[in-house]
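The opening residue of the sequence shown carries number 605 in my numbering; numbering runs sequentially from there. Ideal Cβ placement from N, Cα and C applies to all residues, glycine included. Below you'll find the structure, written out as C-alpha cells, and then a few comments.
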Amino acid sequence: MTKKLWFQTGVGILLALLIVKYFLEIKHLFYPVVIIASAIFTPLLLGGILYYITEPIQRFLEKRKFPRWASILTIIIALVGALGGFVSWIGPSIAEQLSHLIKSTPYLASEITDMADYIQDNRGSFPSQVNEFIDKMANSIQKYAVMTSVFLVQLIQTIVSWAFILILVPFFFIFMLKDHEKFAPSMYKLFSGNRREWIKKTLSDIDDVLRSYIQGQLLISLLLAIMMYIGYLIIGLDYALLLVVFAFFMNVIPFIGPWIAFVPALVIGFLQEPKLAIWVCVVTLVAQQIDSNLITPNVMGKSLDIHPLTVITIILAAGNIAGFLGILLGVPAYAVGKVIVKNVYEHRKEIRSAATKNV
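See below:
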C-alpha cells in the first residue's frame, strides 16, 4: 500500500500541513527575514520585469559582438530615451485631458445626480425586478465610493513608499543584465548527477515560462491599447488617451483586466452621449475578439497552457488572499508551480521506470 500514488500523495500533503502549522507557531522568529524580504521584493520584481522585457535586446546586441557593458549601456540609454520621448509626446495630452476631466467633474456629478433623481422620482412606474436591481446597484455604488476613498488615501501612502523603492530598481535591473547567466549555475552546481540535470532543466523551464508570460502579456496589453485608442478616436470619445493609458495597465491582468478598463470608458461615453456607450461596447467587443482569436494564440501560443477557467479562478483566489498584488502575480506563480510539479512528476516517473527496468 505504501507504494501507491494516492498514499504517497496523502503523506506528502499531511507533512506539508504539519510544516506549515509549526512554521506559523514560530513565525515570530522569522519576522526580521520577512521584513528584509518584503523590502527587496518589489524592486526585485520590477527589475525582473524590466530584465525580461530587455533581455531579447541584449541577446540581439551581443550576437552583433557587443561586449556586455556596451549592451547594458545601450539598453539603459534606449530606455531613458524611450521614456523621455514617451513622456514628452504623451505627457502634455494626458495632462490636458486630466485637467479637462477635473474641470468637468462638477458637470459629470450633476449629470449623475439628475439621473439618480429621475430614477428615484419614477420608481413607482418601474417593475419590481427593476427596482430590486436599482437597489442593488445603489448599494454597490455606495460600497464602491467608500472603497475608492480608502483607496485614494492608500494610494498617496503607496506613492511615497514607492519613491524610495524605485531608487533600488535600476540596481537590481543592471545586475540582472550583467550576471543573469550566473544565477542558475549557482544553484544547480550544489548538486551532482541526475539531480543536478533535473534542477538545471527545471530552472530553465521556469525561466522560459516567466519570459513567455511577461513579454507576451505586455505585448498583448500594448496591442489591445492601440486598438482601443484607434476605436475611441473613431467614435469621438472624450479622454481617449487617458482611458487607453489606464487600459494598458489593466490589460496586464488576464481576462478580468480589460473589463475593469471597460467600465470608466462606458461611463464617460454614456455621460458624453448615451449612444456613445453602445459604440464603446462595440469597440471593446471587437478588440476582445481580435485579441482572443488572433493576438493571444499567436503571441502566447501553448507556452502557458492554462485553461481560461483556471486563470479566472486563480485571479479571484489570489485577489482575496493578497489583494491587487495577488491578482498580478497569481497566474505567473501558478505557471511556475505547474512547471515544478510537472518536472517533479516526470522525474519521479524516470526513477520508477529505472527501478522497475528489467536488467
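Distance, Cα to Cα, I769 vs G651? Here residue 769 corresponds to residue number 165 of the sequence shown, with the count starting at 1. Here residue 651 corresponds to residue number 47 of the sequence shown, with the count starting at 1. Distance between I769 and G651, taken at the CA atoms: about 11 Å.
So, do the region 853–861 and the region 872–882 have three or more beta carbon pairs nearer to each other than 8 Å? Not touching, per the Cβ criterion.
With DSSP collapsed to three states, give me the class of Y843. As a working mapping, residue 843 is identified with position 239 in the sequence shown. The three-state reading of DSSP puts Y843 in coil, since its state is none of H, G, I, E or B.
One question on the structure: do V848 and Y836 come within less than 8 Å of each other, judged by their Cβ atoms? The sequence position of residue 848 within the sequence shown is 244, counting from 1. The sequence position of residue 836 within the sequence shown is 232, counting from 1. At the C-beta level, V848 and Y836 come within 8 Å of one another.
Does the distance from the CB of V945 to the CB of V813 come in under 8 Å? For the purposes of this step, residue 945 is taken as the residue at position 341 of the sequence shown. For the purposes of this step, residue 813 is taken as the residue at position 209 of the sequence shown. In this structure, V813 does not lie closer than 8 Å to V945 by Cβ.
Best match in G930, L920, I803, A686 for proximity to E950 [C-alpha to C-alpha]: Counting from 1 along the sequence shown, the entry for residue 950 is found at position 346. Comparing Cα positions, the closest option is I803.
F776 and P647: beta carbons closer than 8 Å? Counting from one through the sequence shown, the residue named residue 776 turns up at place 172. Counting from one through the sequence shown, the residue named residue 647 turns up at place 43. Yes.
For K805, the three-state DSSP class (helix, strand or coil): For the purposes of this step, residue 805 is identified with residue 201 of the sequence shown, where counting begins at 1. In the three-state DSSP reduction, K805 falls in the helix class (H, G or I).
Cβ-Cβ distance between A851 and A829 below 8 Å: Taking the sequence shown and counting its residues from 1, one reaches residue 851 at position 247. Taking the sequence shown and counting its residues from 1, one reaches residue 829 at position 225. It is a contact, given that the beta carbons lie within the stated cut-off.
State buried or exposed for A674, treating a residue as buried only when at least 16 other CB atoms are found within 10 Å of its CB. In the sequence shown, residue 674 corresponds to position 70, counting from 1. Looking at its Cβ environment, which holds fewer than 16 other Cβ atoms inside 10 Å, A674 is exposed.
Rounded to whole angstroms, what's the CA-CA distance from I771 to G616? Just pull it up for me. On the sequence shown, position 167 is the one that residue 771 refers to. On the sequence shown, position 12 is the one that residue 616 refers to. Straight-line Cα distance between these residues: approximately 42 Å.
For V856, which of helix, strand or coil comes out of DSSP? Within the sequence shown, numbered from 1, the residue matching residue 856 stands at position 252. Look at V856 here: in three-state DSSP terms it is coil, with no helix or strand label.
Nearest neighbour of I910, chosen from V943, N897, N798, I882 [CA to CA]: As a first step, residue 910 must be located in the sequence shown, where it is residue number 306. Here the closest residue by C-alpha is V943.
For a test of your reading of the model: does the CB of E801 fall under 7 Å from any non-hydrogen atom of the ligand GDP? Yes or no. Among the components of this structure there are no ligands whatsoever, and the ligand GDP is therefore not found.
Is it right to say F645 is buried, meaning 16 or more other beta carbons lie within 10 angstroms of its own, or is it exposed? Working through the sequence shown from its first residue, we reach residue 645 at position 41. It is exposed - the Cβ of F645 has fewer than 16 other Cβ atoms within 10 Å.
Bounding residues of the alpha helix (DSSP H) (the contiguous stretch that carries F795): For the purposes of this step, residue 795 is identified with residue 191 of the sequence shown, where counting begins at 1. Looking at the DSSP string, F795 is not in any alpha helix (DSSP H), and its letter there is neither H nor E.
Helix or strand or just coil, what does DSSP make of R815? Translated into the one-based positions of the sequence shown, residue 815 becomes position 211. Here R815 sits in helix by DSSP.
CA nearest to the CA of Y656, picked from F779, Q893, S796: The residue you call residue 656 lines up with position 52 of the sequence shown. Nearest of F779, Q893, S796 to Y656, Cα basis: F779.
Here's the rule: buried if 16 or more other CB atoms are within 10 angstroms of the residue's CB, otherwise exposed. What is I925? As a position in the sequence shown, residue 925 is number 321, starting the count at 1. Flag for I925 reads exposed.
What do you reckon, are the CB atoms on N897 and T806 nearer than 8 Å? The sequence position of residue 897 within the sequence shown is 293, counting from 1. The sequence position of residue 806 within the sequence shown is 202, counting from 1. N897 places its beta carbon 8 Å or farther from that of T806.
In chain order, what residues of the same chain have a beta carbon less than 6 Å from the beta carbon of I860, not counting five sequence neighbours either side? As a first step, residue 860 must be located in the sequence shown, where it is residue number 256. Shown here for I860: same chain residues with a beta carbon closer than 6 Å to its own, the five before and five after excluded, namely I919 in chain order.
Enclosing alpha helix (DSSP H) for L898 [first to last residue]: Start at 1 with the first residue of the sequence shown, and residue 898 comes out as number 294. L898 -> no alpha helix (DSSP H), and no H or E assigned at all.
State the Cα-Cα distance for the pair I839 and F690, rounded to the nearest angstrom. Taking the first residue of the sequence shown as position 1, residue 839 is located at position 235. Taking the first residue of the sequence shown as position 1, residue 690 is located at position 86. Whole-angstrom Cα-Cα distance: 25 Å.
For L649 and I882, what's the separation of their Cα atoms in angstroms? Along the sequence shown, one-based indexing puts residue 649 at 45. Along the sequence shown, one-based indexing puts residue 882 at 278. Distance from the CA of L649 to the CA of I882, rounded to the nearest whole angstrom, comes to 39 Å.
The alpha helix (DSSP H) enclosing P671, as first and last residue numbers: Taking the sequence shown and counting its residues from 1, the one referred to as residue 671 is at position 67. Note, P671: premise wrong, no alpha helix (DSSP H); not H, not E.
Going by alpha carbons, who is nearest to T900 out of T678, A682, R799, L822? Along the sequence shown, one-based indexing puts residue 900 at 296. Nearest of T678, A682, R799, L822 to T900, Cα basis: L822.
Check I830 in the structure and name its three-state DSSP category. For the purposes of this step, residue 830 is identified with residue 226 of the sequence shown, where counting begins at 1. Note: I830 maps to helix in three-state DSSP.
Measuring only the C-alpha atoms, how far is T658 from P862? Here residue 658 refers to the residue found at position 54 of the sequence shown. Here residue 862 refers to the residue found at position 258 of the sequence shown. Those two C-alpha atoms are separated by around 25 Å.
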